[in-house]
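Following: one structure in structure tokens, then a few remarks.
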Amino acid sequence: AEASLRQAQKMEAVGQLTGGIAHDFNNLLTAVLGSLALLRKHLPPGDERMARLLDNAWQGAQRGAALTQRLLAFGRRQTLEPTAVSLPQLVRDMTPLLQSALGGGARLRSDFPPALPPVLVDANQLELALLNLVANARDAMPEGGEIQVSAAEQTVPPGEAGGLPPGNYVALRVADAGEGMDEATLARAIEPFFTTKGLGKGTGLGLSMVHGLAAQSGGRFLLRSARGEGTVAELWLPRAEASAPPLPDEPPPGPAGRS
Ligand code: ADP
228 AEASLRQAQK MEAVGQLTGG IAHDFNNLLT AVLGSLALLR KHLPPGDERM
278 ARLLDNAWQG AQRGAALTQR LLAFGRRQTL EPTAVSLPQL VRDMTPLLQS
328 ALGGGARLRS DFPPALPPVL VDANQLELAL LNLVANARDA MPEGGEIQVS
378 AAEQTVPPGE AGGLPPGNYV ALRVADAGEG MDEATLARAI EPFFTTKGLG
428 KGTGLGLSMV HGLAAQSGGR FLLRSARGEG TVAELWLPRA EASAPPLPDE
478 PPPGPAGRS
């Protein structure tokens with residue numbers, strides 16, 4: 228209980244910190260975007276190369292601005308908006324962003340079974356979680372290598388211990404063949420602010436965000452890792468059932484005409 232209280236207090240601090248940073252960042256990016264727009268406007272006609280460079284800078288700053296918006300939402304603990312999300316679709320849509328995060332070092336390979344059912348989750352937060360997991364896999368493979376993104380249906384039978392309600396889930400998996408974690412690191416990996424990446428490189432917030440999203444979505448986050456053997460991260464999310472059961476406080480369908 229004490230550990231989870233400490234966790235909750237840390238998450239509170241994380242919320243304030245990320246909110247603050249995201250806010251300042253957003254202001255900076257607005258200034259950058261404004262300057263870029265001015266430069267673009269006053270660019271002598273015909274300078275194709277400069278125009279392309281400015282466009283690249285503009286796109287990067289735009290992407291940064293979109294990310295800080297999400298961080299702001301995280302900091303504010305904005306209520307999640309779960310919808311039915313197709314994982315293959317989401318990963319497909321995110322591939323350009325993920326590729327640019329990899330910067331040419333590691334390769335991304337995604338592999339999904341056909342007819343994978345959708346999951347119930349906040350799509351924006353899931354994108355951020357996936358980005359965090361892929362960035363960790365990249366950092367674990369400084370020499371490059373393959374990052375595998377896949378998913379599998381999972382069923383938790385009634386009566387199984389482990390803290391997850393029985394039901395149908397889909398596990399989103401990110402696997403790398405990188406340096407892996409020793410036991411002490413693995414034990415602390417999801418703690419907010421825990422990082423082994425050194426000053427200015429890691430925030431220690433990535434996995435705590437993923438863990439938080441799993442918990443708030445009614446799923447779970449599992450990490451398997453061994454030093455020198457790579458890491459498998461699994462985010463279990465509840466399946467979005469095709470026919471949702473009626474809400475408990477909804478009146479049962481009665482005879483027509485009654486009010
Ligand atoms: P950060 O990436 O900013 O350090 P995270 O919460 O994402 O914060 O990760 C915490 C720590 O867990 C990392 O510093 C690293 O030691 C370890 N870690 C996370 N993912 C991996 C991975 N795929 N391979 C090896 N170590 C990892």
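FYI, in full-length UniProt numbering the residues of the sequence shown are 228 to 486. For every residue, glycine included, the Cβ atom is placed at its ideal position computed from N, Cα and C.
Within the DSSP secondary-structure output, Gly394 pairs in a beta bridge with Val383.
With a cutoff of 7 Å, Leu432 counts as near the ligand ADP, since its C-beta is closer than that to a heavy atom of the ligand. Here Ala414 is exposed, its C-beta having fewer than 16 other C-beta atoms within 10 Å.
Judged by pairs of C-beta atoms under 8 Å, the stretch 427 to 447 touches the stretch 347 to 355, as three or more such pairs exist.
Under the three-state reduction of DSSP output, Leu343 falls in the coil class, being neither helix nor strand. Cβ-Cβ separation between Tyr396 and Gln375: approximately 19 Å, too far for a contact (criterion under 8 Å). In this structure, Gly242 has its beta carbon at no less than 7 Å from each heavy atom of the ligand ADP.
Here the alpha carbon of Ala367 sits roughly 29 Å from the alpha carbon of Asn253.
Annotated three-state conformation of Gly246 is helix, per DSSP.
When secondary structure is reduced to three states using DSSP, Glu456 falls in the coil class, being assigned neither helix nor strand. Below 8 Å, too few C-beta pairs join the stretch 418 to 425 and the stretch 322 to 332 to call them touching: fewer than three.
Membership of Pro309 in the beta strand (DSSP E) is indicated by the continuous run 309 to 312. Trp463 has Ala398, Arg447 as its beta-bridge partners, per DSSP.
Around the CB of Leu298, 16 or more other CB atoms lie within 10 Å, so the residue is classed as buried. Relative to the ligand ADP, even the nearest heavy atom lies 7 Å or more away from the CB of Lys237.
Annotation for Gly394: Thr382, Val383, Pro465, Arg466 place their beta carbon closer than 8 Å to its own, counting only its chain and skipping 5 residues before and after.
Under the three-state reduction of DSSP output, Leu335 falls in the strand class. In the DSSP assignment, Ser377 is bridged to Asp338, Arg400. Counting the other Cβ atoms within 10 Å of the Cβ of Met436 gives 16 or more, which makes it buried.
Between the ligand ADP and the CB of Ala367, the shortest heavy atom gap is smaller than 7 Å. Shortest Cα-Cα distance from Val361 to any of Pro345, Gly390, Arg400 involves Arg400. Excluding the 5 residues flanking it on each side, Leu329 has same chain C-beta neighbours closer than 6 Å at Arg365, in chain order. The three-state secondary structure of Asp349, taken from DSSP, is strand. Taking 7 Å as the cut-off, one finds at least one heavy atom of the ligand ADP near enough to the beta carbon of Ala416. Rounded to whole angstroms, Leu317 and Ser262 show a C-alpha spacing of 33 Å. In the structure shown, Gly273 falls within a coil segment according to DSSP collapsed to helix, strand and coil. The residue among Pro309, Leu358, Ser337, Met408 with its C-alpha nearest the C-alpha of Ser327 is Leu358.
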